[in-house]
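J.: Protein chains in written order, with full-length UniProt numbering: chain A, 1 to 337; chain B, 1 to 337; chain C, 1 to 337. Built from N, CA and C at the ideal position, the CB exists for glycine as well. Owing to the predicted nature of the structure, the values given are computational and were not obtained by experimental measurement. Supplied in structure tokens, the structure appears directly below.
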Amino acid sequence: MSAMKASDAASSLQLCRIMRPDDANIVGNVHGGNILKMIEEAGCIISTRHCNTQNEDRCLAVLVRVEKTEFLSPLFIGEVAHATAEITYTSPHSLEVQVKVMGENILTGAKKLVNRAVLWYVPCSLQNVDKIMEVPPIKFAAEQEEEGQKRYEAQKTARLKTKEMVEEVMPPPPKPEKHSVGFSQSSLIHLVGPSDCTLHDYVHGGVTMKLMDEVAGIVAARHCNTNIVTASVDAINFHRKIKKGCVVTVTGRLTFISNKSMEIEVVVDACSLVDTEKVSYRAVSAFFTFISLDKYGKAQSVPPLKVNGEDEQKRYDEGQARYLFNKAKRLAAKEAN
Amino acid sequence: MSAMKASDAASSLQLCRIMRPDDANIVGNVHGGNILKMIEEAGCIISTRHCNTQNEDRCLAVLVRVEKTEFLSPLFIGEVAHATAEITYTSPHSLEVQVKVMGENILTGAKKLVNRAVLWYVPCSLQNVDKIMEVPPIKFAAEQEEEGQKRYEAQKTARLKTKEMVEEVMPPPPKPEKHSVGFSQSSLIHLVGPSDCTLHDYVHGGVTMKLMDEVAGIVAARHCNTNIVTASVDAINFHRKIKKGCVVTVTGRLTFISNKSMEIEVVVDACSLVDTEKVSYRAVSAFFTFISLDKYGKAQSVPPLKVNGEDEQKRYDEGQARYLFNKAKRLAAKEAN
Amino acid sequence: MSAMKASDAASSLQLCRIMRPDDANIVGNVHGGNILKMIEEAGCIISTRHCNTQNEDRCLAVLVRVEKTEFLSPLFIGEVAHATAEITYTSPHSLEVQVKVMGENILTGAKKLVNRAVLWYVPCSLQNVDKIMEVPPIKFAAEQEEEGQKRYEAQKTARLKTKEMVEEVMPPPPKPEKHSVGFSQSSLIHLVGPSDCTLHDYVHGGVTMKLMDEVAGIVAARHCNTNIVTASVDAINFHRKIKKGCVVTVTGRLTFISNKSMEIEVVVDACSLVDTEKVSYRAVSAFFTFISLDKYGKAQSVPPLKVNGEDEQKRYDEGQARYLFNKAKRLAAKEAN
Numbered sequence: 001m002s003a004m005k006a007s008d009a010a011s012s013l014q015l016c017r018i019m020r021p022d023d024a025n026i027v028g029n030v031h032g033g034n035i036l037k038m039i040e041e042a043g044c045i046i047s048t049r050h051c052n053t054q055n056e057d058r059c060l061a062v063l064v065r066v067e068k069t070e071f072l073s074p075l076f077i078g079e080v081a082h083a084t085a086e087i088t089y090t091s092p093h094s095l096e097v098q099v100k101v102m103g104e105n106i107l108t109g110a111k112k113l114v115n116r117a118v119l120w121y122v123p124c125s126l127q128n129v130d131k132i133m134e135v136p137p138i139k140f141a142a143e144q145e146e147e148g149q150k151r152y153e154a155q156k157t158a159r160l161k162t163k164e165m166v167e168e169v170m171p172p173p174p175k176p177e178k179h180s181v182g183f184s185q186s187s188l189i190h191l192v193g194p195s196d197c198t199l200h201d202y203v204h205g206g207v208t209m210k211l212m213d214e215v216a217g218i219v220a221a222r223h224c225n226t227n228i229v230t231a232s233v234d235a236i237n238f239h240r241k242i243k244k245g246c247v248v249t250v251t252g253r254l255t256f257i258s259n260k261s262m263e264i265e266v267v268v269d270a271c272s273l274v275d276t277e278k279v280s281y282r283a284v285s286a287f288f289t290f291i292s293l294d295k296y297g298k299a300q301s302v303p304p305l306k307v308n309g310e311d312e313q314k315r316y317d318e319g320q321a322r323y324l325f326n327k328a329k330r331l332a333a334k335e336a337n
Numbered sequence: 001m002s003a004m005k006a007s008d009a010a011s012s013l014q015l016c017r018i019m020r021p022d023d024a025n026i027v028g029n030v031h032g033g034n035i036l037k038m039i040e041e042a043g044c045i046i047s048t049r050h051c052n053t054q055n056e057d058r059c060l061a062v063l064v065r066v067e068k069t070e071f072l073s074p075l076f077i078g079e080v081a082h083a084t085a086e087i088t089y090t091s092p093h094s095l096e097v098q099v100k101v102m103g104e105n106i107l108t109g110a111k112k113l114v115n116r117a118v119l120w121y122v123p124c125s126l127q128n129v130d131k132i133m134e135v136p137p138i139k140f141a142a143e144q145e146e147e148g149q150k151r152y153e154a155q156k157t158a159r160l161k162t163k164e165m166v167e168e169v170m171p172p173p174p175k176p177e178k179h180s181v182g183f184s185q186s187s188l189i190h191l192v193g194p195s196d197c198t199l200h201d202y203v204h205g206g207v208t209m210k211l212m213d214e215v216a217g218i219v220a221a222r223h224c225n226t227n228i229v230t231a232s233v234d235a236i237n238f239h240r241k242i243k244k245g246c247v248v249t250v251t252g253r254l255t256f257i258s259n260k261s262m263e264i265e266v267v268v269d270a271c272s273l274v275d276t277e278k279v280s281y282r283a284v285s286a287f288f289t290f291i292s293l294d295k296y297g298k299a300q301s302v303p304p305l306k307v308n309g310e311d312e313q314k315r316y317d318e319g320q321a322r323y324l325f326n327k328a329k330r331l332a333a334k335e336a337n
Numbered sequence: 001m002s003a004m005k006a007s008d009a010a011s012s013l014q015l016c017r018i019m020r021p022d023d024a025n026i027v028g029n030v031h032g033g034n035i036l037k038m039i040e041e042a043g044c045i046i047s048t049r050h051c052n053t054q055n056e057d058r059c060l061a062v063l064v065r066v067e068k069t070e071f072l073s074p075l076f077i078g079e080v081a082h083a084t085a086e087i088t089y090t091s092p093h094s095l096e097v098q099v100k101v102m103g104e105n106i107l108t109g110a111k112k113l114v115n116r117a118v119l120w121y122v123p124c125s126l127q128n129v130d131k132i133m134e135v136p137p138i139k140f141a142a143e144q145e146e147e148g149q150k151r152y153e154a155q156k157t158a159r160l161k162t163k164e165m166v167e168e169v170m171p172p173p174p175k176p177e178k179h180s181v182g183f184s185q186s187s188l189i190h191l192v193g194p195s196d197c198t199l200h201d202y203v204h205g206g207v208t209m210k211l212m213d214e215v216a217g218i219v220a221a222r223h224c225n226t227n228i229v230t231a232s233v234d235a236i237n238f239h240r241k242i243k244k245g246c247v248v249t250v251t252g253r254l255t256f257i258s259n260k261s262m263e264i265e266v267v268v269d270a271c272s273l274v275d276t277e278k279v280s281y282r283a284v285s286a287f288f289t290f291i292s293l294d295k296y297g298k299a300q301s302v303p304p305l306k307v308n309g310e311d312e313q314k315r316y317d318e319g320q321a322r323y324l325f326n327k328a329k330r331l332a333a334k335e336a337n
């Protein structure tokens, strides 16, 4: 297989769409989940297209991981979202895609950076969805290649690590004292339909992320009773595929609250309605961070979380560690510039 | 088959969802139909899940009856609807499911009872949808069992009674002669929702064209009962704007048929539901051309149109003139190249 | 106002989207209407963006005309549609936009031309939608300018001509007397799509109920021109299943009106589009009760129903009997507590 140069690959793809009332909450803020869904559609098209340039067997690119991503500017109804995707690294069996989302106000001409995300895809055969195919290599400049290799190793390690922890279940909430974890814990159930799936009858990663954001938003709103928006999403690993006809249960609960942000753990469990085994399994899990906005759209304080019992305290401490780690990283990045 | 105790059965299921602009009318009241749809989704999941706990053959629960139900409180955009379903009785071939819908204002924390419904399901085999399967029995307390039995008998009687009556109420209008213009003429009405509209609350031209194509496709399929596709659309003029909250009536009828194509005239009439004047006006009109495809995707002959009366003949002749004009133009363009 | 050169204007815009099951008919052909909708979205974005580059007042571009357009190749589920829009002419108060739609099979890499359309937009002020704004001129090469001018004159003539004709073609049926049964009677047709259906390709009962509520709501609103909400639904029996690919006709008419409520009879008739027998059958029927709300959300009086002929009187009496029976039952239940 001869390698292509990065510039040869149909190296960039752009989606755009006007944001509509149903994409947003009552205050007009577009849900982060809709942006994640759009990002994933762009990633899926560019990587599926690339993986079919040399393989004999037809394949579809399946999302296996999204790196931590931040929502940098809010998007509103009537604005146009542009998602630009680019393949930035290829390993023998996976691709890294970077997607940038710009928001454009077509009335004023103003533009802003809304989100920048990194996604990992794996090509699965259309004949046999469990068969992973080879990725036609793209040749990047030496330095890029090396950095891509590092990112590849890092995400691989992270994916394997979370795979071990993932099966822990989220029990139903205890008695709900206001501002406790149980008070805002929420679940939604969704029956996977045809339009959630593509050609091989498995749910698009973007559809799953949209549901996760929806639940996390309900948890956040229940806790602070204000206009809330997605601020960032920690790395998400897609451990298992979800097939058409499954019922997915998406559950979210608060883990940690800083002065102005809420961390919400979201898990997705899938279960076939008709298969004989009928075992429910954990398909995805992730941490979403939301902030609360006042009526001028500025971040405001959030009521503190009432923590009950050892487990909640342990998760709180872990959340705090993640929060402090990310904060330190942001500061370091600022100083570096 | 050994009976389960009610408490053993996956005895309760909860769905929840945020109400969006498209779920409601222009004043913000969520349509009752969306609540009914959510109720049925909960009922379908819990009863399908239960019926597959013991059967060898996989099956889906099919709704056969909803008892009289009342809407007790209004639900608004931004509120969260929670539907809780529970199996409350099983007969050998049917299940009774009760669904309660609560509305939650996640900003104020206020909750209210929106609806409480009783649904009856019957399990149908996935292999053969006409085969009714056995329902794994659930054991209820003696008193509940007895009351459930009574409800079961009552609904059975009611269902049989209405089955006899059903053809009486509002008989379908006598169909005009096959392959006549009146035979395939079709109308749809659509209530303009927020997502159909631009920032200034008027319908996007693209939404109107989609509705027009939908009606034209139904007219074409009714005429020839085959796979039909849009071949071309004559120039469309948008004479008048259509505002949010209007009802549009889109009507299509055949005007002319050549050997392999059908010309369909489509008009769009709009009417405000809330204005006191309430004048219906013609907003758009156009001609769509469809062709009929055989199973290999090739264009095939279309049954000729039976034309009745002067008006239909006049429109037929005009359609033929348009057809011949376009054909001549196509040929001229070909020769020019 | 100084003119821009064509190459200066944000001269091209591209939308793309994967085609899903809901975009297509049961054979997999994407509906022409979805392609038209995508074309119009691209045209609306590029022309709104352009018209706001110089105007002081913010405006939206409104579609006024689509030239004759042909569907050159079919598009299928799983393929990616790319719509590229370009402004090709500007007059002082209108713009011509050309949109080309390419279909891409991302598995094989094959591309095809699906459609090429020409649309005319007019900028309307956001403050006052009836005020037409100026279009910032774009300077084209002399020859292009001249040809654009010709196309502009031709479409203007055509639009004026059809404006005169439009009320002629298919005149709206003469409306029955206000507040009579016939005045508010309404029908909608709906082509059953994949997302309406269960795993065995029959329509979910909840989808049917949603359509029934939609029609009943239109009937109620037509009768009283106010904000109306569903108050209750009588028992509904689902006599016959409805299969994917059917057309359902849902018809509603008023039967009885009490001081503050309206009873509406709704029937659902289903008909296969592809079966040769093509027998239409009654699938479901039910009675919906609606109430009219004033601007404070309180129930208000409803105009009385004008009853014509024996049949309507009979149905009115039956409706009254149901009303009185339910009222007596409610009172009895209240006293029992």
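Can you list the residues of chain A that B:E205 reaches, using a CB-CB cut of under 7 angstroms?
T.: Along the second sequence, one-based indexing puts residue 205 of chain B at 205. A quick correction: the sequence has Gly, not Glu, at residue 205 of chain B. Result: empty, since nearest Cβ-Cβ is about 13 angstroms, beyond 7 angstroms.
J.: Hey, is C:R65's beta-carbon within less than 9 angstroms of any beta-carbon in chain B?
T.: Locating residue 65 of chain C in the third sequence gives position 65, where the first residue counts as 1. C:R65 counts as touching chain B.
J.: So is C:Y296 buried or exposed if we call it buried at 16+ other beta carbons inside 10 Å?
T.: To locate residue 296 of chain C, count along the third sequence from 1; it is residue 296. By the neighbour-count rule (16 or more Cβ atoms within 10 Å), C:Y296 is not buried but exposed.
J.: Does the structure place the segment 244 to 263 of chain A close enough to the segment 81 to 89 of chain A that three or more beta carbon pairs sit under 8 angstroms?
T.: Verdict: no, contact absent.
J.: Going along the chain, which residues of its own chain have a beta-carbon closer than 6 angstroms to the beta-carbon of B:K30, five neighbours each way excluded?
T.: Taking the first residue of the second sequence as position 1, residue 30 of chain B is located at position 30. It is worth fixing the name first, because residue 30 of chain B is Val in this sequence and not Lys. Result list for B:V30: M19, D23, A24 and L75, in chain order.
J.: Between B:G206 and C:E40, what straight-line distance do the alpha-carbon atoms span, to the nearest angstrom?
T.: Numbered from 1 along the second sequence, position 206 holds the residue referred to as residue 206 of chain B. Numbered from 1 along the third sequence, position 40 holds the residue referred to as residue 40 of chain C. Cα to Cα, the separation comes out at about 5 angstroms.
J.: Mind checking A:G109: buried by the 16 CB within 10 Å criterion, or exposed?
T.: As a working mapping, residue 109 of chain A is identified with position 109 in the first sequence. Burial call: exposed.
J.: My output table needs one value for C:P21: the three-state DSSP class, helix, strand or coil.
T.: In the third sequence, residue 21 of chain C corresponds to position 21, counting from 1. Note: C:P21 maps to helix in three-state DSSP.
J.: Cβ of C:Q14 less than 9 angstroms from any chain A Cβ?
T.: As a position in the third sequence, residue 14 of chain C is number 14, starting the count at 1. Yes, contact with chain A.
J.: Does the segment 33 to 52 of chain B come into contact with the segment 208 to 215 of chain C, if we say contact requires no fewer than three beta-carbon pairs (one atom in each stretch) closer than 8 angstroms?
T.: Output reads yes: the segment 208 to 215 of chain C touches the segment 33 to 52 of chain B.
J.: Once the 5 residues before and after A:V181 are set aside, which same chain residues still bring their CB inside 6 angstroms of it?
T.: Residue numbering aside, residue 181 of chain A sits at position 181 when the first sequence is read from its first letter. For A:V181, where only same-chain residues beyond five positions count, the Cβ hits under 6 angstroms are R253, L254 and E312.
J.: Cα separation between A:A9 and B:K100?
T.: Translated into the one-based positions of the first sequence, residue 9 of chain A becomes position 9. Translated into the one-based positions of the second sequence, residue 100 of chain B becomes position 100. In this prediction, A:A9 scores a pLDDT of 49, lower than 50, which makes its location untrustworthy; the coordinate-derived value is nonetheless stated afterwards. The alpha-carbon atoms of A:A9 and B:K100 are separated by roughly 54 angstroms.
J.: Check the Cβ-Cβ distances between A:E41 and every residue of chain B, and say whether any is below 9 angstroms.
T.: Here residue 41 of chain A refers to the residue found at position 41 of the first sequence. Taking Cβ atoms only, chain B never reaches closer than 9 angstroms to A:E41, which makes this a no.
J.: Go ahead and label A:S7 buried or exposed: buried means 16 or more other beta carbons lie within 10 angstroms of its beta carbon, across all protein chains shown.
T.: Reading the first sequence from its first residue, position 7 is the one you call residue 7 of chain A. Residue placement at A:S7 is poorly supported in this model, since its pLDDT is 49, which falls under 50; the coordinates are not used for a value here.
J.: Could you list the residues in the segment 109 to 135 of chain A with a C-beta less than 7 angstroms from some C-beta on chain C, going in chain order?
T.: Listed by position along the chain: G109.
J.: State yes or no: is the beta carbon of A:S232 nearer than 9 angstroms to at least one beta carbon in chain B?
T.: As a first step, residue 232 of chain A must be located in the first sequence, where it is residue number 232. By this cut-off, A:S232 is not an interface position.
J.: Since A:M262 sits in a beta bridge, which residues does DSSP pair it with?
T.: Here residue 262 of chain A corresponds to residue number 262 of the first sequence, with the count starting at 1. Answer is A:I257 and A:F290.
J.: So what's C:M133 in DSSP terms, helix, strand or just coil?
T.: As a working mapping, residue 133 of chain C is identified with position 133 in the third sequence. Reduced to three states, the DSSP call for C:M133 is coil.
J.: Taking DSSP's pairing of strands, which residues face B:Y296 in a bridge?
T.: By one-based count along the second sequence, residue 296 of chain B stands at place 296. Bridge partners of B:Y296: none, in fact.
J.: Hey, does A:T69 have any beta-carbon neighbour from chain F nearer than 9 angstroms?
T.: Note that chain F does not occur in the displayed structure, where the protein chains are A, B and C.
J.: With 9 angstroms set as the bound, which would you pick, yes or no: does the beta-carbon of C:P74 sit closer than that to a beta-carbon of chain B?
T.: Residue 74 of chain C sits at position 74 when you count from the first residue of the third sequence. Answer yes: the Cβ-Cβ gap between C:P74 and chain B drops below 9 angstroms somewhere.
J.: Which residues, taken in chain order from the segment 21 to 37 of chain C, show a beta carbon closer than 7 angstroms to some beta carbon of chain A?
T.: Listed by position along the chain: P21 and D22.
J.: Does C:I87 get closer than 9 angstroms to chain A when you measure Cβ to Cβ?
T.: Residue numbering aside, residue 87 of chain C sits at position 87 when the third sequence is read from its first letter. So, not an interface residue.
J.: I'd like to check one pair, A:W120 with A:V203: are the Cβ atoms closer than 9 angstroms?
T.: Position 203 of the first sequence, counted from the first residue, corresponds to residue 203 of chain A. Position 120 of the first sequence, counted from the first residue, corresponds to residue 120 of chain A. No. Outside cutoff.
J.: Please decide whether B:A81 counts as near chain C, where near means a Cβ-Cβ distance under 9 angstroms.
T.: Residue mapping note: residue 81 of chain B aligns to position 81 of the second sequence, counting from 1. Not one chain C Cβ lies under 9 angstroms of B:A81.
J.: Between B:V62 and the rest of its own chain, which residues show a CB-CB distance below 7 angstroms, the 5 nearest in sequence each way excluded?
T.: Position 62 of the second sequence, counted from the start, is the residue given in the question as residue 62 of chain B. Closer than 7 angstroms at the Cβ level, and outside the excluded window around B:V62, lie Y121, V122 and C124.
J.: Nearest by alpha-carbon distance to C:R58: which of C:K175, C:I132, C:E177 and C:V80 is it?
T.: Taking the first residue of the third sequence as 1, we reach residue 58 of chain C at position 58. Selected option, being the one with the closest Cα: C:I132.
J.: What did DSSP end up calling B:P194 once you bin it into helix, strand or coil?
T.: Along the second sequence, one-based indexing puts residue 194 of chain B at 194. In this structure, B:P194 counts as helix in the three-state DSSP scheme.
J.: Out of B:L72, B:N326 and B:R282, which has the shortest C-alpha to C-alpha gap to C:T230?
T.: As a working mapping, residue 230 of chain C is identified with position 230 in the third sequence. Looking at the Cα atoms, B:L72 is the closest of the given residues.
J.: According to DSSP, is A:H50 part of a helix, a strand, or is it coil?
T.: Here residue 50 of chain A refers to the residue found at position 50 when the first sequence is read from its first residue. The answer is helix: DSSP assigns A:H50 an H, G or I state.
J.: I need the DSSP call for C:A83, collapsed to helix, strand or coil.
T.: Here residue 83 of chain C refers to the residue found at position 83 when the third sequence is read from its first residue. In the structure shown, C:A83 sits in a strand (DSSP, three-state: E or B).
J.: Using beta-carbon positions only, say whether A:H179 and A:K306 come within less than 9 angstroms of one another.
T.: Taking the first residue of the first sequence as 1, we reach residue 179 of chain A at position 179. Taking the first residue of the first sequence as 1, we reach residue 306 of chain A at position 306. Against a cut-off of 9 angstroms, the Cβ pair of A:K306 and A:H179 comes out as a contact.
J.: Between which residues of its own chain and C:S280 is the CB-CB distance below 6 angstroms, once the five residues before and five after are set aside?
T.: Start at 1 with the first residue of the third sequence, and residue 280 of chain C comes out as number 280. Hits under 6 angstroms: D269 and C271.
J.: Within the continuous alpha helix (DSSP H) that includes A:A321, where are the two ends?
T.: The residue given as residue 321 of chain A occupies position 321 in the first sequence. Element bounds for A:A321: G309 to A336.
J.: Give me, in chain order, the residues of the same chain whose beta-carbon lies closer than 6 angstroms to that of A:L324; leave out the 5 immediate sequence neighbours on both sides.
T.: On the first sequence, residue 324 of chain A is found 324 positions in, with the first residue counted as 1. Answer for A:L324: no residue qualifies.
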